[in-house]
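Trainee:
Residue numbers (the numbering used here): 1 to 309.
Here it is, written out as C-alpha cells:
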C-alpha cells in the first residue's frame, strides 16, 4: 500500500502526527465453504486444518469472523461435525452458503431457493441466534444472469429477512490450491514458501487496488468497512498467519465481519447481472459504467505450478 508508506514519509518530513493522517484500512475476514474446502483427503486432515486456521485468527485477534456453511460438506461425517463445534466457539459465526454450493447461474431460482432452505437445519444446530444464521453468501458470488432469476432469489431473501454478505476484496485463493497440493505431495517446502509469498503479495495488491477504486467511486471521505473473502482450504490455512501479519504491517485494522456485513454501505443493490460472479466494488464500477485506466487490478500469476517443479 504505497499510499500509506507515502503518508508516513510526509509525517516524518513535516513532523506531523501520523495518527491524524494515516487512517487504517478496516477489513473484516469472512470464510467460505465451512467446514472444509478443496481436496477431499488433505494432509493434515480437514479437522487439523480448521484448528490451524482458527489458531491464526486467534493469534492475530481477528474479531467476529463469519464462516459460510455448505451442509453437503457435513452430513454423516463425524469429523466435520467436530470441526463445526470448534468453529462456533468464542465469537465465530455461521451463515448460509446453500446446501450444495451450486451457483445461481447453474440452477433455476426455485431449486436454488430450496438449496438455501435445505441448509437451514444444520445452521439451527450451530448458530447462536436466528439473526446470526440469516446471513447469506452467494456461492461463486453469482447473483444471477437475468433479471427474473435474480429478482426471485433476492425477493425470497428479503422476505425471509436474510442479509446478503457481500465481498469487497476477493482473495482468489482458490487459484493457489492446486499448486500448493502439488508442492505438498512432493515435500517441496521451498515451492510452498514461494507460493505463500506470491499469495500474500497478490492480496496486498488487491487491497490497495480496491481501496483506490473505492475512493474513485465514492470519494475518500466515505467509510468503507471492507470484507475479505477467504476459503477454508489447505493452502489458505497454511498462508493465513503470514497474510494477517503482512496486512497489519500495511496499516490494516481487523474489524468484526458482522459489523461490516450489516454496515449501510452495503445496502445498495448494484443491479449487476452476469454469468460470472464479481465482488461488490467491481459490480458498482461496472453498473455505473465507470473506468479508471490509471488503476489496474492485480493479476493472478499464471505460473504458480512452476514453483513446484
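Where a beta carbon is used, it is the ideal one built from N, C-alpha and C, also for glycine.
#1: Under the three-state reduction of DSSP, which class applies to residue 32: helix, strand or coil?
#2: Just confirm the distance between the C-beta atoms of residue 217 and residue 285, as a whole number of angstroms; I'd bet it's less than 8 Å.
#3: If we count Cβ pairs, one from each stretch, closer than 8 Å, do we get three or more for the stretch 151-161 versus the stretch 79-89?
#4: Using a Cβ-Cβ cut-off of 7 Å (strictly less than) and excluding sequence neighbours within five positions of residue 281, which residues of its own chain qualify?
#5: Take residue 33 and list the residues in its own chain whose beta-carbon comes closer than 8 Å to its own, dropping the five residues that flank it on each side.
#6: In its own chain, which residues sit with a C-beta less than 7 Å from the C-beta of residue 290, not counting the 5 before and 5 after it?
#7: Should residue 199 and residue 170 be called a contact, given that it needs their Cβ atoms to be closer than 8 Å?
#8: Quick test of your reading: residue 136 and residue 191, contact by CB under 8 Å. State the CB separation rounded to the nearest angstrom.
#9: Below 8 Å on the Cβ atoms is my guess for residue 207 versus residue 29; work out the distance and round it to an integer in Å.
#10: So, with DSSP's three-state summary, where would you put residue 21?
#11: Let's see if you can read the secondary structure: which residues bound the alpha helix (DSSP H) around residue 147?
#12: Which parts of the stretch 173-257 are runs of the beta strand (DSSP E), unbroken and 3 residues or longer, counting only runs that do not cross its ends?
#13: Under a three-way DSSP split, which group does residue 95 fall into?
#14: Measure the C-alpha to C-alpha separation of residue 271 and residue 251 and round it to an integer number of angstroms.
#15: Straight-line CA distance for residue 81 to residue 37?
#16: Run the CB neighbour count on residue 294, radius 10 Å, all protein chains shown included, and call it buried at 16 or more, exposed below.
#17: Just mark residue 268 as buried or exposed, buried being the case when its beta carbon has 16 or more other beta carbons within 10 Å.
#18: Which word fits residue 143, buried or exposed, when buried means at least 16 other C-beta atoms lie within 10 angstroms of its C-beta?
#19: Quick one: using the 10 Å Cβ neighbour count with 16 as the cut-off for buried, is residue 303 buried or exposed?
#20: Can you give the Cα-Cα distance for residue 128 and residue 63, rounded to whole angstroms?
Mentor: Well, looking at it:
#1: strand
#2: 6 Å
#3: Output reads no: the stretch 79-89 does not touch the stretch 151-161.
#4: 168, 210, 213 and 214
#5: 68, 70, 73, 97, 101, 231, 232 and 233
#6: Short of 7 Å from the beta carbon of residue 290, and not among the five residues preceding or following it, lie these beta carbons of its own chain, in chain order: 217.
#7: no
#8: Not confirmed; about 37 Å, so no contact.
#9: Not quite, the Cβ-Cβ distance comes to about 12 Å (not below 8 Å), so this is no contact.
#10: Because the pLDDT of residue 21 is 42, which lies under 50, any placement of that residue in the model is unreliable, and the number read from its coordinates should be weighed accordingly. In this structure, residue 21 counts as helix in the three-state DSSP scheme.
#11: Counting along the chain, the unbroken alpha helix (DSSP H) around residue 147 starts and ends at 147-159.
#12: 226-231 and 252-255
#13: strand
#14: 33 Å
#15: 15 Å
#16: exposed
#17: exposed
#18: buried
#19: exposed
#20: 16 Å
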